[in-house]
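Numbering (this note's numbering), first residue to last: 60 to 238. Data block below; observations after.
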């Protein structure tokens, strides 16, 4: 029997504990697992540390497509999870509700999840522009480089497009513009 869904939610209600230590044991078991595609760890005792632990899993395991972490206390550890989602295109659904996450990490997560539903080449181009602009804060922009965004606007949902447009505006300092 092969299981594709693993539900370890609400351990407290069943008289069990699922905390950072249990998360670490689970991650070592799932790191190279090729069968589990849906993982539910909601309503447990996961904290900031679990964000780092889950980062390792999500970077290594490309079979997991859905992850539910709702109702934990991951807080700023969510940025590690967001980083993993940016690097792992297989994750298309991730619930971090009620974790005390910043609005920035939730917005970034939404963008990366939307990009993970797009063709990989599109995601790669968006990440290349975002990385260049955030890292260097100076860019040489040519109209053709941004034309593909215009072509894809209709395919992104309104919220993701607003966030992408906002990020390009705020993080981009244009030194030279060729039209």
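The beta-carbon is built from N, C-alpha and C at its ideal position, and this holds for glycine as well. As the structure is a prediction and not an experimental result, all values here were calculated from the model.
Own chain residues within Cβ distance below 8 Å of residue i, not counting five before or after
i: residue 86; result: 112, 113, 115, 116
i: residue 68; result: 99, 100, 101, 102, 103, 127
i: residue 144; result: 117, 150, 153, 168, 171, 172, 175
i: residue 186; result: 145, 174
Sequence-distant residues of its chain with Cβ nearer than 6 Å to residue i (five each side left out)
i: residue 130; result: 101, 102, 157
i: residue 64; result: 97
i: residue 78; result: 104
i: residue 152; result: 125
i: residue 239; result: There is no way to answer for residue 239, as the model of the chain reaches only from 60 to 238.
CB-CB length for residue i against residue j, believed under 8 Å
i: residue 127; j: residue 154; result: 5 Å
i: residue 141; j: residue 168; result: 5 Å
i: residue 95; j: residue 118; result: The pair is not a contact, with the Cβ atoms about 16 Å apart (cut-off 8 Å).
i: residue 80; j: residue 110; result: With a Cβ gap of about 15 Å, residue 80 and residue 110 do not count as contacting.
Delimiting residues of the alpha helix (DSSP H) encompassing residue i
i: residue 164; result: 162-175
i: residue 67; result: Element bounds for residue 67: n/a, residue is neither H nor E.
i: residue 79; result: 79-89
Residue span of the beta strand (DSSP E) that contains residue i, given as start and end
i: residue 97; result: 97-99
7 Å CB neighbourhood of residue i in its chain, flanking five on each side removed
i: residue 121; result: 147, 149
i: residue 76; result: 70, 104
i: residue 242; result: This structure cannot settle anything about residue 242, because the visible part of the chain is limited to 60 through 238.
i: residue 108; result: 79, 136
i: residue 66; result: 99
Counting pairs of beta carbons, one from the region 123-140 and one from the region 148-165, are three or more of them closer than 8 Å?
yes
Give the list of continuous alpha helix (DSSP H) stretches no shorter than 4 residues that lie fully inside the region 93-153.
107-119, 137-146
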